[in-house]
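Take a look at the structure below.
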Amino acid sequence: MERRFVIACLVENHFGVLARISGLFSARGFNIDSLTVGATEDPSISRMTIVVLGDERIMEQVKKQLNKLIDVIKVLDLSSNNYVDRELALIKINITKESRMSALQLFEVFQAKVVDITLKSVTAEVSGSTQKIAAFIEMLKPFGIIETARTGKIALTRESVNGD
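Taking the numbering used here, I'd label the letters of the sequence shown as residues 13 to 176.
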């Protein structure tokens, strides 16, 4: 059964690592649903959050292949752990003098921030779960979406309450 797996990968932060890892996926026909990369608290290490579509067998192959790469320090399958995730989106919509207040009220409901506004458009920044972002975009469709940019998922394991 196909589902989404979330993988956190700690890698050496240097030229070509992203290309090698994305090449590994494309060479084997694995589909990346989203991929985000950023430096960690240690500037020599980057954290990649990769969302992969597939079944358990594909997931095992992905983990094994990633662990073989020299630049990979650690691979975590967050899907089998308790984790917290977020996504960020910027959405630009059409507005008129008449629709401005209803758009701003919708932003408030979704805890979105206005990051740019003109007489004809407004750009909102919203963060949250993938489902929240999708619901927000759906609610904005009647205004007329001009442009959308999404970061993809970022995730960290959640510490247990007992400190385990």
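Note that beta-carbon positions come from the ideal geometry of N, C-alpha and C, so glycine has one too. Computed from a predicted model, the values in this text were never measured in an experiment.
Residues bridged to VAL63 (per DSSP):
Taking the first residue of the sequence shown as position 1, residue 63 is located at position 51. Per DSSP, VAL18, SER46.
Under 8 Å: do the segment 71-86 and the segment 110-119 share three or more Cβ pairs, one atom per stretch?
no
When you compare only the Cα positions, how much space is there between THR61 and VAL49?
Working through the sequence shown from its first residue, we reach residue 61 at position 49. Working through the sequence shown from its first residue, we reach residue 49 at position 37. Distance between the alpha carbons of THR61 and VAL49 is about 7 Å.
I'd like the ranges of any alpha helix (DSSP H) spanning at least 4 consecutive residues and lying wholly in the segment 141-169.
142-152
Excluding the 5 residues preceding and the 5 following GLU14 in the sequence, name in chain order all residues of the same chain whose CB lies nearer than 7 Å to its CB.
Sequence index remark: in the sequence shown, residue 14 carries index 2 (1-based). When the five nearest sequence neighbours on each side are left out, the beta carbons in the same chain lying within less than 7 Å of the beta carbon of GLU14 are those of LEU65, GLY66, ASP67, in order along the chain.
How would you label LEU78, buried or exposed, when you count the other beta carbons within 10 angstroms and need 16 or more for buried?
Here residue 78 refers to the residue found at position 66 of the sequence shown. Looking at its Cβ environment, which holds 16 or more other Cβ atoms inside 10 Å, LEU78 is buried.
Whole angstroms are fine: how far does the CA of LYS165 sit from the CA of ASN106?
As a first step, residue 106 is located in the sequence shown; it is residue number 94 there, counting from the start. As a first step, residue 165 is located in the sequence shown; it is residue number 153 there, counting from the start. Approximately 27 Å between the Cα atoms of the pair.
Determine, using beta carbons only, whether THR135 and ILE85 come nearer to each other than 9 Å.
Locating residue 135 in the sequence shown gives position 123, counting from the first residue. Locating residue 85 in the sequence shown gives position 73, counting from the first residue. For THR135 and ILE85, no; Cβs fall outside 9 Å.
Quick check: the Cα distance between ASN43 and THR163, rounded to an integer number of angstroms?
Start at 1 with the first residue of the sequence shown, and residue 43 comes out as number 31. Start at 1 with the first residue of the sequence shown, and residue 163 comes out as number 151. When rounded, the distance between both Cα atoms is 17 Å.
Proximity to VAL18 [Cα-Cα], best of ASP89, ALA39, PHE27, ALA51
Mapped onto the sequence shown, residue 18 falls at position 6. The option with the nearest alpha carbon to VAL18 is ASP89.
Whose C-beta lies closer than 7 Å to the C-beta of SER92 among residues of the same chain, with five residues either side of it excluded?
For the purposes of this step, residue 92 is taken as residue 80 along the sequence shown, with counting starting at 1. Counting only Cβ-Cβ distances below 7 Å, and skipping sequence neighbours, we find nothing.
Does DSSP put SER38 in a helix, in a strand, or in coil?
Along the sequence shown, one-based indexing puts residue 38 at 26. DSSP places SER38 in helix when its eight states are reduced to three.
Roughly how many angstroms lie between the CA atoms of PHE155 and LYS80, to the nearest whole one?
For the purposes of this step, residue 155 is taken as the residue at position 143 of the sequence shown. For the purposes of this step, residue 80 is taken as the residue at position 68 of the sequence shown. Rounded to whole angstroms, PHE155 to LYS80 spans 48 Å at the Cα level.
Would you mind stating whether ARG98 and GLY140 have Cβ atoms separated by less than 9 Å?
The count along the sequence shown starts at 1 and reaches residue 98 at position 86. The count along the sequence shown starts at 1 and reaches residue 140 at position 128. Taking 9 Å as the Cβ cut-off, ARG98 and GLY140 qualify as a contacting pair.
Who are the Cβ neighbours of ILE4 in its own chain at under 6 Å, not counting the five residues just before and after it?
The structure shown does not extend to residue 4, since the chain spans only 13 to 176, so no value can be given for it.
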